[in-house]
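Numbering (UniProt numbering), first residue to last: 1 to 482. Structure record follows, encoded as structure tokens.
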Ligand code: ADP
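This is the structure we're talking about:
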């Protein structure tokens, strides 16, 4: 990998402000080729404890600074991320596989959370509450919640970190991070730049490990941790929530989705196809807001299938560093097996392939972008998230049918629909049981809007002016004797 700043590729972890190695390491592989890229320290619960102790100490001085002083450091971190976006993107594509253009997009998107929360940190207001007694005054203060633990996934190796670290640090907290074992290099590169930006030692530790369970156990049981923020599978989210009960930690969870993408008969069909491609095939279908189930109204069903099939057949699959690539490899063999299992189940139950339908000739972790039509609610994809480049098209008759099918899941992260009738737009937007609804768009992520799910898709919101709420506690001051 050719980098302008080779020192951004670190094979050491960052614990309590020190770059550390370990006797045991684990290898990071390029999912496009299977080739090893680097080895990082395989740290233990004891190392995490050290990071938490350092965070606890570092936080005292950081919380005492003004929001503006903290913002200046965060702003420098943001500037450095943008200045080194090419290197950060190259590291990301190498360990994660997404096309370079998408990786660059993620660096800009990821950096935006640092900029946004540097600003928002200045606007964490308390209240003066109208009193209930003449000799009393009531005030509220918002104070940093304490040391935060973050556990992040491999699908967005930078943005899932910055949207937690941004609000935490802006609010005056410290953060200890366990990045996904597949993509720790992006996390370490971020730490290099945070240090360079002048973030005081101990405020952000990156503890690399292949033993997520041990580190997760430490984060969720250590009494010095006030809050955890997790993005990942619903299964692990539930486990962490249970583990946090012992010390009553605040939890923020961004978990799985099962996004419906509904196309009504008054929709602009070309726009709907474009939106479906953007939503379904970004990151090779490996995002928690990717359309998982496409629902198309009877009258336009055949036409939509035909146009989506054409558009999907034109997608270019390849190694992420090659120019013009739309779809990179999946993260690993398990991911591929899941796509194959969902596809096989749908075909057994009567669905038909109209584009793709098999592993890609490039071999390895590559899968052909695929469209299947004739989907029915008894198929696995109706209730499970595929997390791959497979677009299944269901059919519906009217508004009530579309809403009923879309809501028939225990998940509730993102939903999308295409329609032009204004009454319908309002009715459907209000009826969808989701935290995020994309209307006539397949792209909804931005740092200025609140991102998060309902039902079993999670707790809390990230980004926007609400994103900092999870990192502060409200203290009520009752002043009597006035
Ligand atoms: P995915 O299937 O997308 O990899 P996971 O939920 O398994 O989703 O992973 C998301 C993050 O959770 C990763 O950083 C992973 O290491 C971590 N993780 C997995 N299992 C545990 C666990 N038992 N305790 C703590 N963290 C875990």
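Note that beta-carbon positions come from the ideal geometry of N, C-alpha and C, so glycine has one too.
{"Query": "Collapsed DSSP secondary structure at residue 3 in the structure displayed", "Result": "coil"}
{"Query": "Continuous beta strand (DSSP E) stretch holding residue 354: start and end", "Result": "352–355"}
{"Query": "DSSP three-state assignment for residue 181, whether helix, strand or coil", "Result": "coil"}
{"Query": "Contact test: residue 164 Cβ vs the ligand ADP heavy atom, cutoff 6 angstroms", "Result": "no"}
{"Query": "Residue 375 - partner residues in DSSP beta bridges", "Result": "None; residue 375 has no bridge partner."}
{"Query": "Residue 256 to residue 4 span [Cα, whole Å]", "Result": "36 angstroms"}
{"Query": "Contiguous beta strand (DSSP E) assignments of at least 3 residues, all confined to the segment 90–160", "Result": "127–129, 137–144, 147–151"}
{"Query": "Classification of residue 71 by the beta-carbon crowding that lies within 10 angstroms, buried from 16 upward", "Result": "buried"}
{"Query": "Distance between beta carbons of residue 388 and residue 351, contact taken as under 8 angstroms", "Result": "Actually they are not in contact, since the Cβ atoms of residue 351 and residue 388 sit about 15 angstroms apart, beyond 8 angstroms."}
{"Query": "Any non-hydrogen atom of the ligand ADP within 6 angstroms of residue 151 CB", "Result": "yes"}
{"Query": "Beta-bridge pairing of residue 473 - partner residues as DSSP gives them", "Result": "143"}
{"Query": "Ordered list of beta strand (DSSP E) runs contained in the segment 7–73, each at least 3 residues", "Result": "13–15, 18–20, 25–29, 36–41"}
{"Query": "Beta-carbon gap between residue 188 and residue 206 smaller than 7 angstroms", "Result": "yes"}
{"Query": "Residue range of the unbroken beta strand (DSSP E) whose run includes residue 292", "Result": "291–297"}
{"Query": "Backbone secondary structure at residue 458 - three-state DSSP", "Result": "strand"}
{"Query": "Rounded C-alpha distance that separates residue 376 from residue 109", "Result": "36 angstroms"}
{"Query": "Closer than 6 angstroms: residue 388 CB and nearest the ligand ADP heavy atom", "Result": "no"}
{"Query": "Where residue 445 falls, given that 16 or more other Cβ within 10 Å makes a residue buried", "Result": "buried"}
{"Query": "Distance cut-off 6 angstroms: residue 337 Cβ against heavy atoms of the ligand ADP", "Result": "no"}
{"Query": "Close-in-space but distant-in-sequence residues of the same chain around residue 20 (CB under 7 angstroms, 5 per side omitted)", "Result": "12, 13, 41"}
{"Query": "Three-way DSSP call (helix, strand, coil) for residue 438 in this model", "Result": "strand"}
{"Query": "Beta-carbon spacing of residue 104, residue 89 below 7 angstroms", "Result": "yes"}
{"Query": "Assigned exposure category for residue 447 - 16 Cβ within 10 Å defines buried", "Result": "buried"}
{"Query": "Nonlocal neighbours in the same chain, by C-beta distance under 6 angstroms from residue 113, ignoring five residues either side", "Result": "162, 163, 166, 447"}
{"Query": "Residues that residue 412 bridges to, as DSSP identifies them", "Result": "454"}
{"Query": "Distance between residue 365 and residue 305 (C-alpha atoms, nearest Å)", "Result": "26 angstroms"}
{"Query": "Distance between beta carbons of residue 417 and residue 443, contact taken as under 8 angstroms", "Result": "That pair is no contact at about 14 angstroms."}
{"Query": "For residue 242, three-class secondary structure by DSSP", "Result": "helix"}
{"Query": "Rounded distance between the beta-carbons of residue 284 and residue 327, thought under 8 angstroms", "Result": "5 angstroms"}
{"Query": "beta-carbon residue 475 near the ligand ADP non-hydrogen atom, thresh 6 angstroms", "Result": "no"}
{"Query": "For residue 81, the residue or residues it bridges with in DSSP", "Result": "DSSP output for residue 81 lists no bridge partner at all."}
{"Query": "Rounded straight-line distance, which links the Cα of residue 231 to that of residue 15", "Result": "21 angstroms"}
{"Query": "Selection from 474, 382, 52, 48 that minimises the alpha carbon distance to residue 126", "Result": "474"}
{"Query": "Check whether residue 198 and residue 73 have beta carbons under 7 angstroms apart", "Result": "yes"}
{"Query": "Reduced DSSP category for residue 327 - H, G, I as helix; E, B as strand; rest coil", "Result": "strand"}
{"Query": "heavy atom of the ligand ADP below 6 angstroms from residue 142 C-beta", "Result": "no"}
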